[in-house]
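Participant: Numbering (our numbering), first residue to last: 2 to 354.
First the structure, then my questions, so here it is.
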Ligand code: KG4
Ligand code: ZN
């Protein structure tokens with residue numbers, strides 16, 4: 002594991018992290034900035050039939066799996082519960098009934114072991130998941146639920162510069178994929194199809210590229226995909242998936258490549274511009290959409306050209322996981338974490354900042 006992450010945690014602490022904010026039941030053990038184990042049990046297949054996450058299904062599955070996932074994380078880290086210095090858990094934001102499962106499990110463990118319980122902000126954990134050089138930096142967090150551009154000057158100080166006004170970037174990938182007739186989650190599907198496609202085949206809009214602020218919007222782009230799919234189907238005399246049709250139009254790869262190019266251009270351009278305007282010499286990119294190879298390559302190209310250090314989260318830390326929860330908790334403890342009152346509750350709408 003990288004030297005910078007380790008050097009942030011001078012006194013090693015053994016942390017068990019637990020994450021159940023959405024549709025991944027996850028537990029991990031970290032020590033001294035090093036990930037000793039990371040277990041993620043994904044519910045993607047369960048939710049795929051519904052085309053998105055169903056909260057009731059998610060919480061039931063978390064309940065079924067949480068104990069086994071925690072045990073597996075401890076076993077693969079070869080750590081006994083007595084060796085833990087703290088338990089960390091996602092407090093929010095996320096689905097209320099899903100968050101409750103993780104917090105109940107974490108609280109039970111912390112009480113039994115008499116070890117501190119560290120509540121963690123899910124987005125903050127994504128934000129610090131790349132291996133960062135010393136601060137400051139501008140962070141882009143792009144996931145299924147969030148698209149945020151954040152200015153980080155000092156440890157723990159997060160000024161949100163901009164956010165999506167409607168769909169998150171990952172949500173846009175998921176919705177566009179559905180319109181095109183691809184399965185859920187849409188991001189990896191679109192990325193796979195886009196490899197064979199022409200990114201200039203369809204002239205999709207670049208929403209808010211020139212808006213003069215740092216916000217994003219992706220619902221118009223999704224609507225443009227909807228109209229294009231409907232037009233292509235009408236030309237062939239077929240029905241789109243949305244209209245109950247089954248056949249895929251032949252231009253799927255071009256549609257995916259053009260849609261992906263539009264999202265990537267807006268995300269990279271606005272982030273690099275924000276870093277330049279704020280004089281930040283470092284950009285951090287994280288969240289599920291940061292798995293996208295084309296997005297990563299474009300950030301690398303742009304940052305190299307601008308002489309900006311790029312801290313990309315490792316792919317295994319991009320989608321939801323508990324290692325990022327444990328790693329952030331360790332940093333918090335190293336910076337003098339003050340525990341909240343013992344009766345703290347989940348915070349499904351917890352705002353970063
Ligand atoms: O961070 P994450 O696991 O969960 C949330 O906190 O939302 O992100 C999941 C999102 C989904 O919308 C998924 O489609 C998207 O990340 N995603 C991708 C890729 N892999 C996952 N989007 C684009 N390209 C990918 N390769
Ligand atoms: Zn997430």
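Ideal Cβ positions, reconstructed from N, Cα and C, are used throughout, including at glycine.
When burial is assigned at 16 or more other CB atoms within 10 Å of the CB, is residue 163 buried or exposed?
Facilitator: Within a 10 Å sphere around the beta-carbon of residue 163 sit 16 or more other beta-carbons, which makes this residue buried.
Participant: If you measure from each CB to the nearest heavy atom of the ligand ZN and keep those under 5 Å, what residues do you get, in chain order?
Facilitator: 144 and 321
Participant: Is the segment 176-191 in contact with the segment 321-329, if contact means three or more CB pairs nearer than 8 Å?
Facilitator: Cβ pair count under 8 Å is below three, so no.
Participant: Is the separation between the beta-carbon of residue 199 and that of residue 258 shorter than 7 Å?
Facilitator: yes
Participant: What does the alpha-carbon distance come out to for the pair residue 234 and residue 270?
Facilitator: 33 Å
Participant: Here's the rule I'm using: 16 or more other beta-carbon atoms within 10 Å means buried, otherwise exposed. How should residue 81 be labelled?
Facilitator: Classification of residue 81: exposed, given that the 10 Å Cβ count is below 16.
Participant: For residue 314, does the three-state DSSP call read helix, strand or coil?
Facilitator: coil
Participant: The beta strand (DSSP E) spanning residue 152 covers which residue range?
Facilitator: Segment 148-153, the beta strand (DSSP E) holding residue 152.
Participant: Can you tell me whether residue 208 is buried or exposed, with buried defined as 16 or more other CB within 10 angstroms of its CB?
Facilitator: The residue in question, residue 208, is buried, as its Cβ has 16 or more Cβ neighbours within 10 Å.
Participant: Return the first residue and the last residue of the beta strand (DSSP E) that residue 283 is part of.
Facilitator: 283-287
Participant: Using a Cβ-Cβ cut-off of 7 Å (strictly less than) and excluding sequence neighbours within five positions of residue 347, which residues of its own chain qualify?
Facilitator: 92, 93, 97, 100, 101 and 104
Participant: When the Cα atoms are used, what is the spatial distance from residue 125 to residue 147?
Facilitator: Inter-residue distance for residue 125 and residue 147 is about 12 Å (C-alpha atoms, whole angstroms).
Participant: Using only the heavy atoms of the ligand KG4, determine whether one of them is closer than 6 Å to the beta carbon of residue 186.
Facilitator: Inclusion of residue 186 in the 6 Å shell around the ligand KG4 follows from its C-beta lying nearer than that to a non-hydrogen atom of the ligand.
Participant: Measure how close the beta-carbons of residue 284 and residue 139 come, nearest whole angstrom, since I'm counting them as under 8 Å.
Facilitator: 5 Å
Participant: Closer than 8 Å is the cut-off here; do at least three beta carbon pairs connect the segment 27-40 with the segment 62-82?
Facilitator: yes
Participant: For residue 14, count the other beta carbons within 10 Å of its own beta carbon; 16 or more makes it buried, fewer makes it exposed. Which is it?
Facilitator: buried
Participant: Nearer than 6 Å: is that true of the beta carbon of residue 257 relative to any heavy atom of the ligand KG4?
Facilitator: no
Participant: Would the segment 297-313 count as touching the segment 41-57 if we require 3 or more Cβ pairs under 8 Å?
Facilitator: With contact defined as three or more Cβ pairs closer than 8 Å, the segment 297-313 and the segment 41-57 are not in contact.
Participant: Quick check on DSSP: helix, strand or coil for residue 17?
Facilitator: strand
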